[in-house]
Each structure stands twice: as structure tokens, then as C-alpha cells.
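**Q** Residue numbers (the numbering used here), protein chains in the order written: chain A, 93 to 212; chain B, 6 to 113.
Here it is, the structure, as C-alpha cells.
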Amino acid sequence: GAVVSQHPSWVICKSGTSVKIECRSLDFQATTMFWYRQFPKQSLMLMATSNEGSKATYEQGVEKDKFLINHASLTLSTLTVTSAHPEDSSFYICSARDATSGIGDTGELFFGEGSRLTVL
Amino acid sequence: SQQGEEDPQALSIQEGENATMNCSYKTSINNLQWYRQNSGRGLVHLILIRSNEREKHSGRLRVTLDTSKKSSSLLITASRAADTASYFCARGYSTLTFGKGTMLLVSP
Numbered sequence: 093g094a095v096v097s098q099h100p101s102w103v104i105c106k107s108g109t110s111v112k113i114e115c116r117s118l119d120f121q122a123t124t125m126f127w128y129r130q131f132p133k134q135s136l137m138l139m140a141t142s143n144e145g146s147k148a149t150y151e152q153g154v155e156k157d158k159f160l161i162n163h164a165s166l167t168l169s170t171l172t173v174t175s176a177h178p179e180d181s182s183f184y185i186c187s188a189r190d191a192t193s194g195i196g197d198t199g200e201l202f203f204g205e206g207s208r209l210t211v212l
Numbered sequence: 006s007q008q009g010e011e012d013p014q015a016l017s018i019q020e021g022e023n024a025t026m027n028c029s030y031k032t033s034i035n036n037l038q039w040y041r042q043n044s045g046r047g048l049v050h051l052i053l054i055r056s057n058e059r060e061k062h063s064g065r066l067r068v069t070l071d072t073s074k075k076s077s078s079l080l081i082t083a084s085r086a087a088d089t090a091s092y093f094c095a096r097g098y099s100t101l102t103f104g105k106g107t108m109l110l111v112s113p
């Protein structure tokens, strides 16, 4: 099946620094990618929808200046957590939609393995 | 909240037993999906059931959907220790809204 790669899988950083997480679709083109955040033992909360070549659409309550999303190509979206603080520590998961395969007519969705961010 | 509710929140069973997890939702759906997440890992798609379907099977998995009750259930038969994971239902078409999940522990 299709593979979505996230990098890094875990990162520890100091408070105030910025961290970039990459999400790559390895064998398909993804016009749309999604970024989720997950706290321990909780569900996934959608942060933003990233469309190739355009600005991301953020969910209510998600600071766009805090969580910068760039989707510059059909295979890569990045999430940058700017000026990270301990409360930003979380598990971030991306997913990518393969527009050529089928769940209905919106393309099958594949998830990355997640990136665990710890801010000290 | 648009989130669905899964119950139970946690389920502990012995290998060989069946595990049933339920998901309820509030708004109408086109389809409902079930995902599995091993601890600290990404999500794996298990099965999708459309709103006009009542039951679907995939290996040891059986999913039912009752749109009149706005609920779905996931049954894992003859469970194995390797089935230990969190299971989420998800609604949506363009974007997914996940339920709170059920943590399943299957003991050898």
C-alpha cells in the first residue's frame, strides 16, 4: 500500500526554538495533506488541511502563526512549530490523500507514523 | 462537539475472546471508518462502511452500522495479543473527525 513518511519520528527541543516536521508521500501524489495533534490517550484533533500550492486551512483555535504549514510540492508538506513551549509537546500525525485511488471520490487516506515532540 | 463517542474507553480480554467496540455519532454520515493505532504509532485503516451498508467483514473484523441509531460497532473475533491497540472510528468525507477511541488490551 501507499506509504506516508514523517520525519523526525521524535524530537526534543528547548523552549523558544522552532521545530520542523516533514510529511512525505512516497509513492503517490498528495494534493491534500492533513495535520493532526494527539495528546496522550486521547483522540486525534485535526489542526489544519494543507493543499498543494495554496495556504493551509486551519481549524478553529489553532494558531496559524504558531503552526506554520507549507505544502510546496505534491509529495511534501511541512509543519513548523514556532517558538515552541512545553505545552506544544504532543504527538503530531500527518495524513495524505491519494487522489487517484478510491474511498468514494475523494481518494484514499494514508497516515504517517507520527512525530513526538517534547519541548523542555 | 463533532466527535463521536466510543465505548468502552478501555477493554481488557484474554486471547481467543471476541472484542466489541461501539461508536456513536451525532450528525448524518456518508461513511464511517475504523482505524487502529498501536501505541506511539500512526493510524492504520481497517475498514470503511458506507451509509447504505449494514454490515461489512474483513478477516476477523466485522463492522455494523445502524444509521437510525447513529451507531457502529467493531467486532474482532478470536482476538490475539497482537490486536492490542487503540481503535478509533472516524466520520467525514473530505476531512475526518475521530472518536475518542477504545484501548484494547489482549492478554496471552
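Backbone N, C-alpha and C define an ideal beta-carbon position, used for all residues, glycine too.
Note that this is a predicted model, so its numbers are computed, not measured.
#1: Note down the Cα distance separating Val211 of chain A from Ser110 of chain A, rounded to an integer number of angstroms.
#2: Along chain B, in chain order, which residues have C-beta atoms closer than 9 Å to that of Arg208 of chain A?
#3: Does any residue of chain B have a CB that is nearer than 8 Å to the CB of Glu205 of chain A?
#4: Among all the DSSP beta bridges, which residues are the ones paired with Glu10 of chain B?
#5: In chain order, what residues of the same chain lie with their CB nearer than 6 Å to the CB of Arg116 of chain A, ignoring the 5 residues before and after it?
#6: Do Asp180 of chain A and Phe120 of chain A have their C-beta atoms closer together than 8 Å?
#7: For Glu114 of chain A, which three-state DSSP category applies?
#8: For Tyr150 of chain A, which residues of its own chain have a beta-carbon under 6 Å away from its beta-carbon, when the five flanking residues on both sides are left out?
#9: Indicate whether at least one CB of chain A lies closer than 8 Å to the CB of Gly106 of chain B.
#10: Could you tell me which residues DSSP puts in a beta bridge with Met108 of chain B?
#11: If I measure Cβ to Cβ from Ile81 of chain B and keep anything under 7 Å in the same chain, skipping five residues before and after, which residues do I get?
#12: What does a CB cutoff of less than 6 Å around Asp12 of chain B pick up in its chain, not counting 5 residues either side in sequence?
#13: Cutting at 6 Å between CB atoms, please list the residues of its own chain near Leu201 of chain A, excluding the five before and the five after it.
#14: Should Ile185 of chain A be flagged as near chain B, meaning a C-beta pair shorter than 8 Å?
**A** On the basis of the data shown:
#1: Mapped onto the first sequence, residue 211 of chain A falls at position 119. Mapped onto the first sequence, residue 110 of chain A falls at position 18. In a straight line, the C-alpha of Val211 of chain A is about 10 Å away from that of Ser110 of chain A.
#2: One-based indexing of the first sequence puts residue 208 of chain A at position 116. Think of a sphere of 9 Å around the beta carbon of Arg208 of chain A: the chain B residues whose beta carbon falls inside it are Gly45, in chain order.
#3: Along the first sequence, read from residue 1 onward, the residue named residue 205 of chain A stands at position 113. Among the CB atoms of chain B, one or more fall inside 8 Å of the CB of Glu205 of chain A.
#4: For the purposes of this step, residue 10 of chain B is taken as the residue at position 5 of the second sequence. In the DSSP output, where bridge partners are listed per residue, Glu10 of chain B has B:Ser29.
#5: Looking up residue 116 of chain A in the first sequence gives position 24. Excluding sequence neighbours, Arg116 of chain A sits near Ser97, Thr167, Leu168.
#6: Counting from 1 along the first sequence, the entry for residue 180 of chain A is found at position 88. Counting from 1 along the first sequence, the entry for residue 120 of chain A is found at position 28. No.
#7: Translated into the one-based positions of the first sequence, residue 114 of chain A becomes position 22. Strand at Glu114 of chain A.
#8: In the first sequence, counting from the first residue as 1, residue 150 of chain A sits at position 58. So the qualifying residues of the chain are Ala140, Lys156.
#9: Stepping through the second sequence from its first residue, residue 106 of chain B is reached at position 101. Answer yes: the Cβ-Cβ gap between Gly106 of chain B and chain A drops below 8 Å somewhere.
#10: Sequence index remark: in the second sequence, residue 108 of chain B carries index 103 (1-based). B:Ala15, B:Ser91, per the DSSP bridge assignment.
#11: Locating residue 81 of chain B in the second sequence gives position 76, counting from the first residue. Excluding sequence neighbours, Ile81 of chain B sits near Asn23, Ala24, Arg65, Leu66, Asp88.
#12: Here the question's residue 12 of chain B lines up with position 7 in the second sequence. Hits under 6 Å: Asn27.
#13: Against the first sequence, residue 201 of chain A aligns to sequence position 109. Cβ neighbours of Leu201 of chain A beyond the five flanking positions: Ser187, Arg189.
#14: Here residue 185 of chain A is taken as the residue at index 93 of the first sequence, counted from 1. Taking Cβ atoms only, chain B reaches closer than 8 Å to Ile185 of chain A, which makes this a yes.
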